[in-house]
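Let me begin by presenting the structure, written as structure tokens, before commenting on it.
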Amino acid sequence: MNHFHYVKNELYCEEVPVREVAEQAGTPFYLYSHATLERHIQRFRQAFAEVPHLVCFSAKANSNLAVLRVFVNNGAGIDIVSGGELYRARKAGCEPQKIVYSGVGKTEGEIHQALAADILMFNVESEQELEKIDAVAGASRKKARIAIRVNPDVDPQTHPYISTGMKKAKFGINIGQALYQYRKAAALANIEVVGVDCHIGSQLTKLSPFVDAIAKIRELVQALQQEGFATRYLDLGGGLGITYADETPPDFEEYAQAVIDATRDLGVTLIFEPGRVLVGNAGILVCRVLYTKKGEVKNFVITDAGMNDLARPSLYGSYHGIIAIDRSRTETLTADVVGPICESGDFLAQDREIPAFRPGDLVAVTSAGAYGFTMSSNYNSRPRAAEILVKGQKILTVRRRETLEDLIRGETVPESL
Ligand code: LLP
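For the sequence shown, this note's numbering gives the first residue as 1010, with consecutive numbering after it.
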């Protein structure tokens, strides 16, 4: 459910015609719906209302400060993976006690910053990281709260690049070694064990991998509790998928019921790190058709957004809907929708039946709110797109379009050249 809809063949975001935003902001731009963001976080939290829980939005999916603020205003915490995301979470007003920190490569400096901020907990991904956190905490006379990220060896049945919970993945500690690592953690002077963590992958469209993972992790939590560990938190990561084309992922209530049933007796506070499911369908990428061209074997629609703006189609072969902002014209054509980047892999859609676009037409690339702007780059020296938030009738610029000056910020030509 989202708040992008047509009124008399004209695409609206909430109460604003998207065309009006394009006239104000220029193209390309990301457009987010405030009402959709709020609805998603409120429904997710509501689904778990009967059990103690904390929802930490995964900032990597969309780290715009205004988006983070909407979640924080609605009681959420934030899941971070870098010092940069910690900085953003704090700027967005997130309480440190609602921040969890995952990631396989936390640096000493980042660990130090997170300890100084007094975040809720570190999700530890290796034995050496555990030792490093202990050392950094000791040096600053602090105790670090930790959970160990356990790798339950479950196949999430998603794209291999975004599968994280299998034995061959770089993430977490294999479940077979977890008890040994926990005992080791308990013996470290500056570490306080507070929970167990796991995240098995992203864009999961079935419940069974979640249920299988929890079944394995339950045994670990119970073994830890028997040994006297105070495992207060069970962090189940993110991963719930969305509909890009015709996927039918479980809804929040189905997901919540399965999780609650499998964890109710453990006496823990559940933590979740949803990213995509909260923001994916709350955002679109709006661009303009520059040219159309008929190749010998293919038609091309060339837009002013490319793989530097939205990398997912090029990187994962991901599907995003391509729709017209003005859908009064009904003819269609089969074409590749491509950007201006000098790479053959620069496409937003391939061999797709789409409206018969003409130069100047506005196009919406749908379900682009997650891993859209955050994965964008300046490749080909293209300033990054603006980000706009619509709230009711209001058009709010939450990140201005980059300028040419932004492109070279931080660069110098040494005098000796
Ligand atoms: N927690 C951890 C530890 C994660 O690694 C991730 C995502 C999440 C939470 C949030 O997962 P979500 O709820 O969004 O599925 N760039 C890829 C997705 C990479 C996901 C990385 N980790 C894409 O565009 O599909």
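Built from N, CA and C at the ideal position, the CB exists for glycine as well.
**Range covered by the alpha helix (DSSP H) that runs through residue 965** = An answer regarding residue 965 cannot be provided, because it is not within the stretch 1010 to 1426 covered by the chain.
**Prompt:** Could you give the C-beta distance for residue 1295 and residue 1031, rounded to a whole number, given that I count them as a contact under 8 Å?
**Reply:** As a position in the sequence shown, residue 1295 is number 286, starting the count at 1. As a position in the sequence shown, residue 1031 is number 22, starting the count at 1. A Cβ-Cβ separation of about 6 Å places residue 1295 in contact with residue 1031 under the 8 Å criterion.
**Continuous alpha helix (DSSP H) stretch holding residue 1270: start and end** = Along the sequence shown, read from residue 1 onward, the residue named residue 1270 stands at position 261. Where residue 1270 is concerned, the enclosing alpha helix (DSSP H) stretches over 1261-1272.
**Asked** residue 1074 lies in the beta strand (DSSP E); which residues open and close that run?
**Response** Reading the sequence shown from its first residue, position 65 is the one you call residue 1074. Per DSSP, residue 1074 lies in no beta strand (DSSP E) segment; the continuous alpha helix (DSSP H) that holds it begins and ends at 1074-1082.
**Prompt:** Quick one: is residue 1351 buried, meaning 16 or more other Cβ sit within 10 Å of its Cβ, or exposed?
**Reply:** Residue mapping note: residue 1351 aligns to position 342 of the sequence shown, counting from 1. Counting C-beta atoms within 10 angstroms of its own C-beta, residue 1351 has fewer than 16 neighbours from the protein chains shown and is therefore classed as exposed.
**Message:** Tell me which residue opens and which closes the beta strand (DSSP E) that residue 1222 is part of.
**Reply:** Residue 1222 sits at position 213 when you count from the first residue of the sequence shown. Taken as a continuous stretch (DSSP letters only), residue 1222 belongs to no beta strand (DSSP E), being part of the alpha helix (DSSP H) at 1217-1235.
**Asked** From 1300, 1353 and 1303, pick the residue whose C-alpha is nearest to that of residue 1323; which is it?
**Response** As a working mapping, residue 1323 is identified with position 314 in the sequence shown. Out of 1300, 1353 and 1303, the CA that lies nearest to the CA of residue 1323 is found in 1353.
**Message:** Given a cut-off of 8 Å on the beta-carbon distance, is the pair residue 1395 and residue 1409 in contact?
**Reply:** Position 386 of the sequence shown holds residue 1395. Position 400 of the sequence shown holds residue 1409. Cβ atoms of residue 1395 and residue 1409: closer than 8 Å.
**Request:** Return the chain-ordered list of same chain residues with a C-beta closer than 7 Å to the C-beta of residue 1044, the five sequence neighbours on each side being excluded.
**Result:** Start at 1 with the first residue of the sequence shown, and residue 1044 comes out as number 35. The beta carbon of residue 1044 lies closer than 7 Å to those of 1012 and 1023 in the same chain, with the five residues before and after it left out.
**Nearest-angstrom Cβ-Cβ length linking residue 1251 and residue 1258, presumed shorter than 8 Å** = Here residue 1251 is taken as the residue at index 242 of the sequence shown, counted from 1. Here residue 1258 is taken as the residue at index 249 of the sequence shown, counted from 1. Contact between residue 1251 and residue 1258 holds, with the beta-carbon distance rounding to 6 Å and staying under 8 Å.
**Request:** Tell me whether residue 1321 counts as near ligand 1, meaning its Cβ is closer than 7 Å to at least one heavy atom of that ligand.
**Result:** Along the sequence shown, one-based indexing puts residue 1321 at 312. Residue 1321: yes, Cβ under 7 Å from ligand 1.
**Prompt:** CB residue 1204 to CB residue 1244, shorter than 8 Å?
**Reply:** As a first step, residue 1204 must be located in the sequence shown, where it is residue number 195. As a first step, residue 1244 must be located in the sequence shown, where it is residue number 235. A Cβ-Cβ contact shorter than 8 Å links residue 1204 with residue 1244.
**Message:** I'd like to check one pair, residue 1061 with residue 1279: are the Cβ atoms closer than 8 Å?
**Reply:** Here the question's residue 1279 lines up with position 270 in the sequence shown. Here the question's residue 1061 lines up with position 52 in the sequence shown. Closer than 8 Å, so yes.
**Asked** Just reading off the alpha helix (DSSP H) that residue 1189 is part of, what are its end residues?
**Response** Translated into the one-based positions of the sequence shown, residue 1189 becomes position 180. Judged by DSSP secondary structure, residue 1189 falls within the alpha helix (DSSP H) whose first and last residues are 1184-1195.
**Request:** Compute the distance between the beta-carbons of residue 1169 and residue 1225, then report whether it is under 8 Å.
**Result:** Taking the first residue of the sequence shown as 1, we reach residue 1169 at position 160. Taking the first residue of the sequence shown as 1, we reach residue 1225 at position 216. With respect to residue 1225, residue 1169 sits apart: the two C-beta atoms are not nearer than 8 Å.
**Request:** Using beta-carbon positions only, say whether residue 1284 and residue 1067 come within less than 8 Å of one another.
**Result:** Position 275 of the sequence shown, counted from the start, is the residue given in the question as residue 1284. Position 58 of the sequence shown, counted from the start, is the residue given in the question as residue 1067. Inclusion of residue 1284 and residue 1067 in the CB contact set at 8 Å is warranted, their separation being smaller than that value.
**Request:** Identify every run of the alpha helix (DSSP H) within the segment 1047-1121, keeping only runs that are complete inside it and at least 4 residues long; order them along the chain.
**Result:** Complete alpha helix (DSSP H) runs here, min 4: 1074-1082 and 1092-1100.
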